[in-house]
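Here the protein sequences come in this chain order: A and B. Quick note: the first sequence uses the numbering used here, first residue 56, plus one each step. Quick note: the second sequence uses the numbering used here, first residue 56, plus one each step. Written out below as structure tokens is the structure these notes cover.
2 protein chains.
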Amino acid sequence: MKIAIDAMGGDNAPSIVIEGIALALKKFSDFEAVIVGNETQLKPFLEEFKIADHDRIEVVHADEVVTMGEPSTIALRSKKNSSITVAATLVSKGKADAIVSAGHTGAAVAATTVKIRTMEGIERPAIATIMPARDGKFILCDAGANTDCKPQNLAQFAIMAEAYYKLMFGKEEPTIGLLSVGEEDAKGNDLTKETFKILSGMPINFIGNVEGNDMFEKKADIVVCDGFVGNVVLKNSEGLAKTIMFWLKRSFTKKIIRKIGALLAKGAFEDLKKMSDKNEYGGAPLLGLKKPCIIGHGSSNAVAIMNAIRVAREFLNADVNDKISKRITESNISID
Amino acid sequence: MKIAIDAMGGDNAPSIVIEGIALALKKFSDFEAVIVGNETQLKPFLEEFKIADHDRIEVVHADEVVTMGEPSTIALRSKKNSSITVAATLVSKGKADAIVSAGHTGAAVAATTVKIRTMEGIERPAIATIMPARDGKFILCDAGANTDCKPQNLAQFAIMAEAYYKLMFGKEEPTIGLLSVGEEDAKGNDLTKETFKILSGMPINFIGNVEGNDMFEKKADIVVCDGFVGNVVLKNSEGLAKTIMFWLKRSFTKKIIRKIGALLAKGAFEDLKKMSDKNEYGGAPLLGLKKPCIIGHGSSNAVAIMNAIRVAREFLNADVNDKISKRITESNISID
């Protein structure tokens with residue numbers, strides 16, 4: 056089992072990526088790391104984290120990187136020798152079985168979709184993100200890969216997210232909700248009303264529409280939506296959480312007595328930070344490709360990279376793609 | 056100046072609605088309240104709040120109410136004698152100049168749109184909601200009136216929200232952002248890409264795309280989107296804020312030392328609550344109708360009702376509709 060890792064992707068690459076790979080090599084004995092990046096830049100870190108001579112690594116040189124401000128398409132147009140494009144190409148050629156990147160999300164989606172391609176019966180890949188609910192977690196899918204979708208795409212996202220939920224949380228029939236603006240089936244926009252009908256006829260645990268506030272109360276294990284809405288929700292949630300913490304901090308530092316209170320209750324704030332820890336699951340998979348693809352958050356730390364590798368391994372070990380294929384066939388969703 | 060008030064709408068109607076009207080009558084001498092609802096039920100509250108014999112009230116009987124679980128269309132179909140429909144009819148017949156309701160939002164939108172109708176040149180009315188940013192406030196429009204929109208609709212929302220922003224915050228050229236999934240003009244879905252082009256050519260202070268996280272940093276005074284996305288964002292924000300407060304409370308009560316800390320810092324939590332006070336502006340206007348229509352939150356208190364009446368008066372006093380008309384003509388947005 057070979058996992059191609061984009062060593063140049065992420066805010067703190069390549070240092071923390073190499074550190075994460077070193078952690079994963081220690082923890083998991085069943086995979087080989089194909090490390091893609093600028094050899095000269097990687098060398099000191101491979102030495103620092105003592106894996107330069109490890110028997111389960113291989114370094115593949117790529118002399119370019121897609122940086123955060125660049126358009127997604129650059130990975131396929133002018134920067135064909137970027138680490139993400141080279142890693143995706145390795146997978147497409149059968150030289151690796153899965154891919155991990157904490158770099159530019161759009162570039163990763165573009166490069167993997169074009170190089171690795173979608174599984175048979177899947178028209179569009181989708182990003183599945185694990186989000187914290189009041190109690191437990193839920194999966195939001197699509198969190199940003201597709202800005203314009205057909206109802207059939209959303210139906211496929213439901214099947215793909217179901218397989219991912221089973222893998223991560225071991226629940227056999229996770230509940231699936233459709234993100235909309237009212238609970239009744241007649242509520243929503245043209246896309247969700249049509250999707251509602253398709254989901255109702257599928258062999259899944261569909262519980263109907265869920266609203267923006269229902270998600271955090273975990274009315275459904277999986278919340279399905281198009282990637283435009285999903286990305287807005289994801290970023291809205293991140294932005295609001297940050298803003299509330301900002302307000303709290305500002306208010307806590309206004310008066311001495313509050314400062315003392317905040318000091319005593321320090322642990323509570325640390326608990327809160329843990330609730331939205333992005334490193335625990337290593338990132339979000341791009342579901343529906345022929346090979347597993349895990350996209351880490353730009354701010355991934357070494358533990359996040361190790362977890363992304365862990366999840367990629369689990370995808371392969373559990374044959375998640377094979378399971379999705381079977382469920383897609385069973386569900387008989389026709390794409391025009 | 057006569058303002059029709061749906062006395063039966065809201066979680067605590069008619070009690071708090073009558074209390075709010077009494078407050079408004081004391082504070083503002085320039086309006087008459089046309090109180091619409093079940094006369095028998097209203098009587099004791101009119102007496103309790105000492106306005107039964109007030110010379111600036113008139114009670115118009117309506118024997119039905121649209122309740123929260125009912126479909127929006129019921130206001131126009133089977134419950135034609137509901138308080139919201141009767142109030143909207145009064146406005147349409149010139150017997151009142153504006154309308155205030157804290158009842159069923161969908162029913163209020165349906166009844167007012169059909170009875171009062173949109174202004175010339177406006178195809179669809181839109182809900183404008185004031186939301187708290189890190190510092191200051193921003194307006195989200197449309198927050199839920201239209202689930203499927205054309206680019207021209209969004210362009211009109213921008214003009215209408217601009218007039219409302221000027222009225223509420225006195226800023227002459229508020230900045231306008233388009234809610235999307237990336238900053239570049241080529242980012243977004245089909246709707247936002249087309250809208251971007253139209254907004255760029257309009258005589259407004261358009262600053263380009265804003266993302267879900269940018270809103271709370273107040274990159275723009277006004278954030279324009281379709282009502283499906285707007286409603287999801289609004290409810291997502293309410294749900295997440297509630298969830299974060301739940302987590303904090305749970306975590307603060309875990310240990311004695313934290314409980315003491317929370318007690319000392321009590322004021323900080325009260326500050327936080329004030330940040331998202333929904334009663335301050337009395338609700339959200341449904342912009343674009345021939346007469347001002349203010350929709351209060353279901354959980355409105357008496358101060359919120361008073362503020363909704365205050366805002367309705369300000370709409371009339373400042374001729375906001377007239378200003379919107381002129382700006383629509385200047386902007387020359389063609390609706391196919």
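Even for Gly, the Cβ is constructed at its ideal location relative to N, Cα and C.
Output the boundary residues of the beta strand (DSSP E) element that contains residue i.
i: B:V392; result: Because chain B here runs from 56 to 391, residue 392 of chain B falls outside it and cannot be looked at.
i: B:D245; result: Run containing B:D245: none in the beta strand (DSSP E); it sits in the alpha helix (DSSP H), D245 to S255.
i: B:V236; result: Counting along the chain, B:V236 falls outside any beta strand (DSSP E), and DSSP gives it neither H nor E.
i: A:N260; result: N260 to V265
i: B:G5; result: Residue numbering for chain B in the displayed model covers 56 to 391; residue 5 of chain B lies beyond these limits and cannot be assessed.
i: A:D61; result: K57 to D61
i: B:I277; result: I277 to V279
i: B:K192; result: K192 to C196
i: B:E113; result: I112 to H116
By how many angstroms is the C-alpha of residue j removed from the C-alpha of residue i?
i: B:P187; j: A:V121; result: 35 Å
i: A:Q207; j: A:I388; result: 6 Å
i: B:K328; j: B:N356; result: 15 Å
i: A:R179; j: A:N201; result: 8 Å
i: A:F104; j: A:A68; result: 14 Å
i: A:M300; j: A:R313; result: 15 Å
i: A:D152; j: A:L131; result: 21 Å
i: B:A317; j: B:F324; result: 9 Å
i: A:D197; j: A:I73; result: 29 Å
i: A:N321; j: B:D269; result: According to the sequence as given, residue 321 of chain A is Lys; it is not Asn. If I take the Cα positions, the gap works out to 28 Å.
i: B:A62; j: B:E87; result: 14 Å
i: B:L209; j: A:S84; result: 55 Å
i: B:D190; j: A:K148; result: 52 Å
i: B:M56; j: B:I129; result: 30 Å
i: A:E293; j: B:E94; result: 48 Å
i: A:F251; j: A:D245; result: 10 Å
i: B:V279; j: B:I231; result: 7 Å
i: B:A218; j: B:A181; result: 13 Å
i: B:E102; j: B:G92; result: 15 Å
i: B:K290; j: A:D240; result: 18 Å
i: B:E125; j: A:G199; result: 34 Å
i: A:I259; j: A:E249; result: 17 Å
Going by beta carbon distance, what residues of the same chain come within less than 6 Å of residue i, once the five residues before and after it are set aside?
i: A:M257; result: S386
i: A:A163; result: I139, S156 and I350
i: B:S70; result: F100
i: A:C40; result: The first residue shown for chain A is 56 and the last is 391, placing residue 40 of chain A beyond what the model contains.
i: A:K192; result: I185
Starting from residue i, trace the alpha helix (DSSP H) both ways and give me its first and last residue.
i: B:I106; result: B:I106 -> no alpha helix (DSSP H), and no H or E assigned at all.
i: B:K242; result: Segment: none, B:K242 is in no alpha helix (DSSP H) and carries neither H nor E.
i: B:I214; result: P206 to F224
i: A:I383; result: V375 to S386
i: A:T298; result: G282 to F307
i: A:A79; result: S70 to K82
Closer than 7 Å by C-beta to residue i: which residues in its own chain qualify, once you throw out the five before and the five after it? Chain order, please.
i: B:H352; result: A157, K333, G338 and A359
i: B:H109; result: L80
i: A:V284; result: L234
i: A:I177; result: Q211, G343 and I383
i: A:S255; result: F261
i: A:E335; result: N362
i: B:K242; result: S235, V236 and N264
i: A:Y220; result: I194, K226, P229, D276 and I277
Quick one: measure Cβ to Cβ for residue i and residue j, integer angstroms, because I've assumed they're closer than 8 Å.
i: A:T167; j: A:L341; result: 6 Å
i: B:L222; j: B:V115; result: About 28 Å; that fails the 8 Å criterion.
i: B:F271; j: A:T298; result: 4 Å
i: B:I171; j: B:V146; result: 5 Å
i: B:A117; j: B:N136; result: 6 Å
i: A:A216; j: A:A183; result: 5 Å
i: B:E113; j: B:I76; result: At roughly 11 Å, the Cβ-Cβ gap does not stay under 8 Å, so B:E113 and B:I76 are not in contact.
i: A:S133; j: A:G161; result: About 15 Å; that fails the 8 Å criterion.
i: B:A373; j: B:I58; result: Going by Cβ atoms, the distance from B:A373 to B:I58 rounds to 15 Å, so no, they are not a contact pair.
i: A:L319; j: B:L303; result: With a Cβ gap of about 14 Å, A:L319 and B:L303 do not count as contacting.
Among residues of its own chain, excluding the 5 on either side of residue i, which ones have a beta-carbon nearer than 8 Å to its beta-carbon?
i: A:S306; result: R313
i: A:A296; result: S331
i: B:K98; result: A107
i: B:M174; result: G343, L344, K345, N376, I379, S380 and I383
i: B:E266; result: L234, S235, V236, G237 and E238
i: A:L78; result: A357, V358, I360 and M361
Mind listing the chain C neighbours of residue i? Cutoff is C-beta to C-beta under 8 Å, in chain order.
i: B:A296; result: Absent from the structure: chain C. Protein chains present are A and B.
Scan the stretch 313-362 of chain B and note each continuous alpha helix (DSSP H) run of 4 residues or more that stays entirely inside, going in chain order. Considered as a whole, the stretch 313-362 of chain B harbours 321-330 as its complete alpha helix (DSSP H) runs of no fewer than 4 residues, in chain order.
What runs of the beta strand (DSSP E), each 3 residues or longer, lie entirely inside the stretch 129-181 of chain A? Taking only runs of at least 3 residues, the beta strand (DSSP E) segments lying wholly in the stretch 129-181 of chain A are 153-156.
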